[in-house]
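Residues 754 to 999 in the numbering used here are what the sequence shown lists, from first letter to last. Glycine included, each C-beta is placed from N, C-alpha and C at the ideal position. Down below is the structure, laid out as structure tokens.
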Amino acid sequence: MTQPSMISPEERTPHGPPCLADSCHRGLLEHELANEQVLCSRCVHLVNVWLHVELPLQIVVLEGSRQRETTGASSGGRTAYRTAPLPGRDDVLNLLGPAAWSDRVRDAHGQAHADQHGPVPIAGVLIPWVRLVCDERRWNPPTLTPQALAQWLGRPSLLDWASRRPWAGEMRDELDELMRTVRCVTRLRPQRRPVPQPCPRCDNLTLVETDHQLYIDCTTCESMYTRDELALAARIFAAELAAGAA
Ligand SMILES: [Zn+2]
Ligand SMILES: [Zn+2]
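Now the structure itself:
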């Protein structure tokens with residue numbers, strides 16, 4: 754089989770020091786290092802998608818599930834569900850629960866502490882990061898609802914700055930954990946679909962696209978491509994086949 758052309762291999766081949774997030778194992782690329790990033794651009798993009806697109810949708814689902822369970826509890830109201838809690842109900846309430854500006858403290862290593870059972874409220878995970886940014890930038894905090902916090906923290910301009918801070922990796926890891934917890938409770942996960950085109954770099958049919966995400970990943974060699982790059986690779990491949998046949 755003809756070896757397909759590689760597209761922008763330098764751009765997409767990790768070779769620098771690793772991205773600071775434990776939940777990512779990419780090396781930083783040249784332009785990311787030049788930008789003084791400690792968190793790779795893919796992680797920055799993921800955090801933006803989580804906070805701006807997926808989390809708001811997940812919160813709508815959580816709110817709906819809370820409403821169903823409370824209004825479904827007849828005229829007995831509160832006592833009705835107290836005596837017969839529905840499965841998952843406590844997790845929903847925990848996740849949507851309020852959190853105060855000073856609920857959790859970070860120790861010297863940036864480790865967050867919470868002393869409660871079940872999942873930490875979404876707001877409780879977001880607030881310490883929002884507070885850290887507010888402290889460092891001397892900004893006023895946003896409203897403390899989960900939606901407002903997510904919108905505020907997920908802004909691309911803020912994340913671009915955050916990707917150069919030493920705590921960026923830990924923030925990404927903690928948000929990754931939060932998204933896993935939320936998806937477990939709502940049982941809603943972003944769908945992944947195979948892309949019927951060989952990976953331009955390793956030639957395997959292992960490209961996968963995921964809801965909301967800008968990049969298409971190769972699960973074999975971990976390269977990532979935009980849709981434009983894959984379209985270009987497909988055209989080059991077709992041209993090479995034609996040239997070979999001529
Ligand atoms: Zn990364
Ligand atoms: Zn590949």
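Burial check for W920: the Cβ neighbour count within 10 Å reaches 16 or more, so the residue is buried.
Exposed is the label assigned to Q820, since fewer than 16 other Cβ atoms lie within 10 Å of its Cβ.
Cβ contact annotation for A987 (same chain, cutoff 7 Å, sequence separation greater than five): Q950, in chain order. Nearest to P943 by alpha-carbon distance, out of A876, H965 and L985, is H965. Distance from the CA atom of A787 to the CA atom of V814, rounded to whole angstroms, is 40 Å. By the C-beta criterion, the region 787-796 is judged to be in contact with the region 916-935, since at least 3 inter-stretch pairs fall below 8 Å.
Membership of R945 in the beta strand (DSSP E) is indicated by the continuous run R945 to V948. Nearest to S976 by alpha-carbon distance, out of A996, L994 and C952, is C952. For C952, no alpha helix (DSSP H) segment is defined, and its DSSP state is neither H nor E. Of the residues assessed, N957 falls on the exposed side of the cut-off, its CB having fewer than 16 other CB atoms within 10 angstroms.
Annotation for L782: no alpha helix (DSSP H) segment contains it, and DSSP assigns it neither H nor E. Under the three-state reduction of DSSP output, L960 falls in the strand class.
Distances between the C-beta of R954 and the heavy atoms of ligand 2 include at least one below 6 Å.
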